[in-house]
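Protein sequences, first through last, are from chains W and S. Here my numbering is used: position 89 in the first sequence is 89, and no number is missing along the way. Offset between the second sequence (1-based) and my numbering: plus 300. The beta carbon of each residue, even a glycine, is placed where N, CA and C say it ideally should be. Down below is the structure, laid out as structure tokens.
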Amino acid sequence: MGAQLRVYRQKIKSAQTTKKITRAMELISASRIQKAQARVAASTPYSKAITRAVSAVATYSNVEHVLTTEPARIDRAAVLIFASDRGLAGAFSSQVLREAEELSELLRSQGKDVVYFLVGRKAVAYFGFRRRASERIWTGGTDQPLFETARDIGDALLESFLRDSEDGGVDEIHIVYNRFVSMVTQVPEVVRLLPLEVVEGMEEPGEHTVLPLYEFEPDVETVLDGLLPVYIESRLFNAMLQSAASEHASRQKAMKSASDNADKLITDYTRLSNNARQSEITQQISEIVGGADALSSAKK
Amino acid sequence: MASAPLNVSVVSADQQVWSGEATMVVARTVEGEIGILAGHEPMLAILASGEVRMTLADGSKIVAEAADGFLSVENDTITIVARQAGLV
Numbered sequence: 001m002g003a004q005l006r007v008y009r010q011k012i013k014s015a016q017t018t019k020k021i022t023r024a025m026e027l028i029s030a031s032r033i034q035k036a037q038a039r040v041a042a043s044t045p046y047s048k049a050i051t052r053a054v055s056a057v058a059t060y061s062n063v064e065h066v067l068t069t070e071p072a073r074i075d076r077a078a079v080l081i082f083a084s085d086r087g088l089a090g091a092f093s094s095q096v097l098r099e100a101e102e103l104s105e106l107l108r109s110q111g112k113d114v115v116y117f118l119v120g121r122k123a124v125a126y127f128g129f130r131r132r133a134s135e136r137i138w139t140g141g142t143d144q145p146l147f148e149t150a151r152d153i154g155d156a157l158l159e160s161f162l163r164d165s166e167d168g169g170v171d172e173i174h175i176v177y178n179r180f181v182s183m184v185t186q187v188p189e190v191v192r193l194l195p196l197e198v199v200e201g202m203e204e205p206g207e208h209t210v211l212p213l214y215e216f217e218p219d220v221e222t223v224l225d226g227l228l229p230v231y232i233e234s235r236l237f238n239a240m241l242q243s244a245a246s247e248h249a250s251r252q253k254a255m256k257s258a259s260d261n262a263d264k265l266i267t268d269y270t271r272l273s274n275n276a277r278q279s280e281i282t283q284q285i286s287e288i289v290g291g292a293d294a295l296s297s298a299k300k
Numbered sequence: 301m302a303s304a305p306l307n308v309s310v311v312s313a314d315q316q317v318w319s320g321e322a323t324m325v326v327a328r329t330v331e332g333e334i335g336i337l338a339g340h341e342p343m344l345a346i347l348a349s350g351e352v353r354m355t356l357a358d359g360s361k362i363v364a365e366a367a368d369g370f371l372s373v374e375n376d377t378i379t380i381v382a383r384q385a386g387l388v
């Protein structure tokens, strides 16, 4: 077998093996998107109920709370980035990281220090490679987020928010994550988490309900104290679930195009190897004919 | 008044645990047990961990365990929101 032919056959083999892997990953992601979407849907009643309760407190009472009041001066801002643990998901991690960079640029131009909280190994690797500091990291389980992790993140963020900025606390917190729009579109989104603005779902009292007076047990402050951290947790958990669904969707998309590309490579290399084989045969025939010619002319 | 049903839903962080109609709901808040019938004034309370008992229209009872949550009552709609909740 000719050397050229052997090279092509090796390349075909390698493309076929790669295709097997990418096809398998595509199928796995496709099946996990369904589950991830179901989890987003399953957690909706909780976040809806919490949002309703928070907006009820916000609408029917006018209590000032430390988590909802804008600090007089903002010296330090925190950015929480939701990336993925594993690669091979197209632009998934790089697009949130790019968005986070733009946000940091903006915050720095307003004269604020920026500190980072990172979720996912890819974000950690990005910061590690550039030797940049981060306040806290969470890795593992970005594709199947647990509520405990959201709770942990919430606690850490609150603790840091409630500390004075002189002691290394922060005055505002932004989160950057991929929002799941559809199977083909996931957009990076920036949301300011703290101080809270409860605008969404603010209930306008209908005409037949003339501002019902809420009774709070034990009292408004305590209810708000308990409610707001839970609200933050549910926002974080929702962001994590959205990000997980986006991760699967974008991995599926990336792996699909990798499989398609492998298919194309295999076709191209098969053509080239057929060519090489044909020219080898042609060469052999002309060698034989040439040899026979030479023999018969030597006999005469 | 008591015959008008209450819409009750019990939700935990990752799923809806139970929802349906009931005539009475008894829950344990931080200040003690409270029973709610239809026509109760709107309220928002912090739940202590413990049982939430729902009496259905046919007299049967459903018991749910809820920890770390809230109880909200509004227009005969009761929502029990808890980080951890489950039917017993």
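- Buried is the label assigned to residue 176 (chain W), since at least 16 other Cβ atoms lie within 10 Å of its Cβ.
- When Cβ-Cβ separations below 8 Å define contact, residue 33 (chain W) makes no contact with chain S.
- Spatial neighbours of residue 305 (chain S) in its own chain (CB-CB distance under 6 Å, excluding positions within 5 residues in sequence) are listed in chain order as 321.
- In this structure residue 345 (chain S) does not touch residue 355 (chain S) by the C-beta definition: roughly 19 Å separates them, more than the 8 Å allowed.
- The beta-bridge partner set that DSSP reports for residue 386 (chain S) consists of S:365.
- Residue state for residue 45 (chain W) is assigned as helix, using DSSP reduced to three classes.
- For the set W:165, W:250, W:270, the Cα lying nearest the Cα of residue 84 (chain W) is the one of W:250.
- Here the alpha carbons of residue 259 (chain W) and residue 18 (chain W) stand approximately 8 Å from one another.
- Chain-ordered, the chain S residues with CB closer than 8 Å to the CB of residue 223 (chain W) read 344, 345, 346, 370.
- Look at residue 325 (chain S) here: in three-state DSSP terms it is strand.
- By alpha-carbon distance to residue 2 (chain W), the top candidate from W:296, W:160, W:272, W:234 is W:272.
- Here residue 320 (chain S) carries a strand assignment [DSSP, helix/strand/coil].
- Cβ proximity to chain S below 8 Å picks out 39, 42, 43, 45, 46 from the region 22-47 of chain W.
- Residue 318 (chain S) sits away from residue 348 (chain S), with the two beta carbons spaced by 8 Å or more.
- Rounded to the nearest whole angstrom, the CA to CA distance from residue 8 (chain W) to residue 15 (chain W) is 11 Å.
- Residue 375 (chain S) and residue 181 (chain W) have their alpha carbons spaced roughly 34 Å apart.
- In the three-state reduction of the DSSP assignment, residue 108 (chain W) falls in the helix class, which pools H, G and I.
- Here residue 372 (chain S) has 344, 379 as same chain residues with Cβ atoms under 6 Å from its own Cβ, once five neighbours each way along the sequence are excluded.
- Only buried fits residue 381 (chain S), as 16 or more other CB atoms lie within 10 angstroms of its CB.
- Among the CB atoms of chain S, one or more fall inside 8 Å of the CB of residue 218 (chain W).
- In this structure, residue 235 (chain W) lies near residue 193 (chain W), with their beta-carbon atoms less than 8 Å apart.
- With its beta carbon at least 8 Å from every one in chain W, residue 323 (chain S) lies outside the interface.
- Boundaries of the alpha helix (DSSP H) harbouring residue 269 (chain W): 220-299, taken from the DSSP string.
- Around the C-beta of residue 296 (chain W), fewer than 16 other C-beta atoms lie within 10 Å, and the residue is accordingly described as exposed.
- Secondary structure of residue 10 (chain W) (DSSP, three-state): helix.
- Scanning chain S for C-beta atoms nearer than 7 Å to the C-beta of residue 57 (chain W) yields 344, reported in chain order.
- For residue 331 (chain S), the C-beta contacts it makes with chain W under 8 Å involve 217, 218, in order along the chain.
- Between residue 229 (chain W) and residue 154 (chain W), the CB-CB gap stays under 8 Å.
- With respect to the 8 Å criterion, residue 237 (chain W) and residue 43 (chain W) are classified as neighbours on the basis of their beta carbons.
- Chain W places a beta carbon closer than 8 Å to that of residue 313 (chain S), counting this residue as a contact.
- The beta-carbon distance between residue 231 (chain W) and residue 313 (chain S), rounded to whole angstroms, is 12 Å. This is too long to meet the 8 Å contact definition.
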